[in-house]
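Residue numbers (this note's numbering): 184 to 1126.
Quick reminder that beta carbons are idealized off the backbone N, C-alpha and C, glycines included.
Read through the structure below, which is laid out as structure tokens, and then see the notes.
Quick look at the structure:
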């Protein structure tokens, strides 16, 4: 099969490898992978297909242990905790006995940026449950999924009708009207209800359920210029009355002395009488202004006469109302005191003569007026009804509406609404796949119908502008989810919808291999390219696939950290800048999750082993290392950023456990097994991509393959076949396997050549009891950063080793002095007894990054080779350094592996002659270097 990494990239990366000899050999793989399997065999191999999660079970090992931590979280976590905000938005009663989510984070109503991203995490949680159900078959996960789907279906139905009055126990006899937090409900009195009032009294019993600054008990006005309001709390947390006809700067105010308590009834009243305005709380004066010049009459005709809603973009009042009255006179202090002890109708003031709402209704949407004026209040949503009955979210449609006219980001106004829609949509699709619950597909199809309804009305130019806005226009992997929906429904409008998300400026640039990534938000854009591969599969449009292939090479290795992650502070910097970006906010975990998905899809198309080598690196390092190795019933304990600066400490509890990265952490841990095995050619071939203990039940062939290993804690694996049939077993030979990849079938050496960065094929008729044993010795290599060759990182086989040390400067390490002829630097390490993959180097403990600990660590170090040493023999000559920070020893070992010592000596001669001719090295020093290499003895182990 044609290799699709461009020749231009191959030559560029090849040149980089010549300068940076320990760079991962992705370029070499690409160059050698014109036919990375075997030419003729691949040409007729047929399409690659994954196995279902239920077909592959994990065996004992690090993946199973990490997964069990998340499964325990999923088993115990009350999924209903996500639902009450959906229910509030839909005007439904909350589910009783449900513990609210913690304040803050991204999921709550009081979360970051006004909670504008709330319930994205619900989708992640559904996907986790669906994958857990598929992977384990435990009914607890299926039950939780069905509960979520049923309640979300109820919410969608309620969103499409006008909200009904909800009740709670009143302060006085009977019931009160309850306005749930997050419902966006308010009471609307007829326009003009308070027009002409030269004096006024407003009085009501209120019970706030949230301490929301600037939430209005009432607000009578037309806009942000002209209004009169009573807020339960101002910026200082105190009740405040204000009246103005010249915006906020012209407000005349009365401020209370103490906050209104939350979840307690308070009686509030405001009287206006000439120049005097008085605020009362529980019948007692709380504040007064004797210099007022404004009255409601002076504000003119007021159209917006609201209970619980602001003329500004302030939160709605959340809580209960009872006995709301307005009089066209200022009641006396004694009369207000009476109101604080009884219904208005039972006091000397009587019912309000402007408006009188008992608020005792138990249904419908109308609060009856007993003033005799017929000024009934109607309970409404601030945003009305959805534009289409398929709408489902935990917040109003307003974010989607506003995005259509936005030209710049402001996540306090619009925070990635289509991103949240994607998470919910994918969660529903995963729920349908796992449970076959028809309501899940109905919800998913309806959500796509609603998106098509909205987006089809927009011009292409508007959509392009939307998708180009940072954060506000982010839409995640929505194209992938829409195409999955289309696969179920076959609706042509769903395929059309997927095309609406084309971001042409990015697609076209990448299709032309123009690197425009600098300054872009990484995780906003990575999932776009996975969608493009799938769009190519559906439409055959070449630019989609070309853009995705080119994009991948713009990230790997040019913007890739040693753990496989990418991004700094969520954004991409200029290419080839790694050392300069080592920071506390590196490697957003979602980026690795999405790069794995893209690499997987590209491998399905191209079968370039470089994609699977990257997959292994990111999975075994960033993904495993992003999950803390301990239990929690409340939090996923997964990283957001992974700081890679010296002395970094991983933060496993960002944002109260509800960020995007914690969500993808839930998903990653329940699908570790999804890429261990693929099949091709209608069952004619089985790919073994990853060396993870697992059992494959290949139903189509009636064959079971069991892989027994503790890899990467051991450097081998063993496959055992049950069943019989002919197929080609294709084993990935990792690019790092330069010290050998030995395969034995039923104990006999396989007649096949293993080349690092390819697949080795074993074609035969297999039978029960057949075994395949693979040995793949690890070597230690130091990979240089692209912008500073002296800043390096250690890889031991597929495992990234980090130095556990709290110092905050780059640690100096030397490695060449004991290097083996094959270039293996491992002799510099000393194993730690009883701790696999733990070593010491220069007195510092090295450990695998995959261990999810809170130890301070160094992912990168400063290479320090002050003198020329071979095999422990010191020449006594300083190791000369070029301006680009490469050294004489780098030039020597760049040519490894050496077949034997004479080969090394020839290389030493060649390199020292060059350095002598260039001037930094004398002939006498060159001779001393040669003599040291000649005296050196090299270990024969692993070469």
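Item	Value
Secondary structure at residue 681, three-state DSSP: helix, strand or coil?	helix
Starting from residue 643, trace the alpha helix (DSSP H) in both directions and tell me its first and last residue.	643-650
Taking one C-beta from the segment 803-821 and one from the segment 1024-1039 each time, how about it: are there three or more such pairs within less than 8 Å?	yes
Please name the residue, chosen from 607, 753 and 452, that lies closest to residue 654 on a Cα-to-Cα basis.	753
Return the first residue and the last residue of the beta strand (DSSP E) that residue 464 is part of.	459-464
Please list the segments of the alpha helix (DSSP H) lying wholly inside the segment 878-923, counting only runs of 4 or more residues, in order along the chain.	none
Quick one: what's residue 240 bridged to in DSSP?	878
So who's on the other strand from residue 403, going by DSSP bridges?	411 and 488
In angstroms with no decimal places, state the Cα-to-Cα distance between residue 1003 and residue 683.	56 Å
If we define contact as Cβ-Cβ less than 8 Å, is residue 481 a contact residue for chain D?	The question asks about chain D, but that chain is absent: this structure has only one protein chain.
Span of the alpha helix (DSSP H) holding residue 581?	581-586
Output needed for residue 932: all residues of its chain with C-beta closer than 8 Å, excluding positions within five of it in sequence on either side, in chain order.	925 and 926
Contact defined as beta carbons within less than 8 Å: I believe residue 375 pairs with residue 484. What is the distance between those atoms, to the nearest angstrom?	6 Å
Just the Cα atoms here: how many angstroms apart are residue 423 and residue 632?	45 Å
Could you give the residue range of the alpha helix (DSSP H) that holds residue 713?	705-722
Compare the Cα-Cα distances from residue 1127 to each of 511, 950, 665 and 421 and report the closest residue.	Absent from the model: residue 1127. The displayed extent of the chain is 184 to 1126, so no value can be given.
Return the chain-ordered list of same chain residues with a C-beta closer than 8 Å to the C-beta of residue 717, the five sequence neighbours on each side being excluded.	662, 663, 666 and 784
What did DSSP end up calling residue 1122 once you bin it into helix, strand or coil?	coil
Would you report the Cα separation of residue 1112 and residue 980, rounded to the nearest angstrom?	30 Å
With distances taken from CA atoms, which of 372, 584 and 286 is nearest residue 549?	372
Would you tell me roughly how many angstroms separate the C-alpha atoms of residue 877 and residue 325, rounded to the nearest one?	23 Å
Should residue 879 go down as buried or exposed, given a rule of 16 or more other Cβ atoms within 10 Å for buried?	buried
Can you tell me the Cα-Cα spacing of residue 738 and residue 705, whole angstroms?	10 Å
Would residue 359 and residue 551 qualify as a contact pair, given that the criterion is a beta-carbon distance under 8 Å?	no
With a Cβ-Cβ cutoff of 8 Å, do residue 327 and residue 342 count as a contact?	no
If we call anything under 8 Å between Cβ atoms a contact, is residue 759 one with residue 969?	yes
Could you have a look at residue 665 and say whether DSSP puts it in helix, strand or coil?	helix
Excluding five sequence neighbours on each side, which residues of the same chain lie with their C-beta closer than 6 Å to the C-beta of residue 366?	271 and 274
Assign residue 282 to one of two classes, buried (16 or more other C-beta atoms within 10 Å of its C-beta) or exposed (fewer than that).	exposed
So for residue 311, helix, strand or coil by DSSP?	helix
In or out: residue 569 buried (at least 16 other Cβ within 10 Å) or exposed?	buried
Given a cut-off of 8 Å, decide if residue 645 and residue 1138 are closer than it, judged by their beta-carbon atoms.	Past the boundaries of the shown model lies residue 1138; the chain is included only from 184 to 1126, so the question cannot be answered.
Terminal residues of the continuous alpha helix (DSSP H) containing residue 752?	First-last for residue 752: undefined, no H or E at that position.
Between which two residues does the beta strand (DSSP E) carrying residue 949 extend?	941-949
In the DSSP assignment, find the alpha helix (DSSP H) that holds residue 616 and state where it starts and stops.	600-618
Buried or exposed: where does residue 349 fall if 16 or more other Cβ atoms within 10 Å of its Cβ makes it buried?	buried
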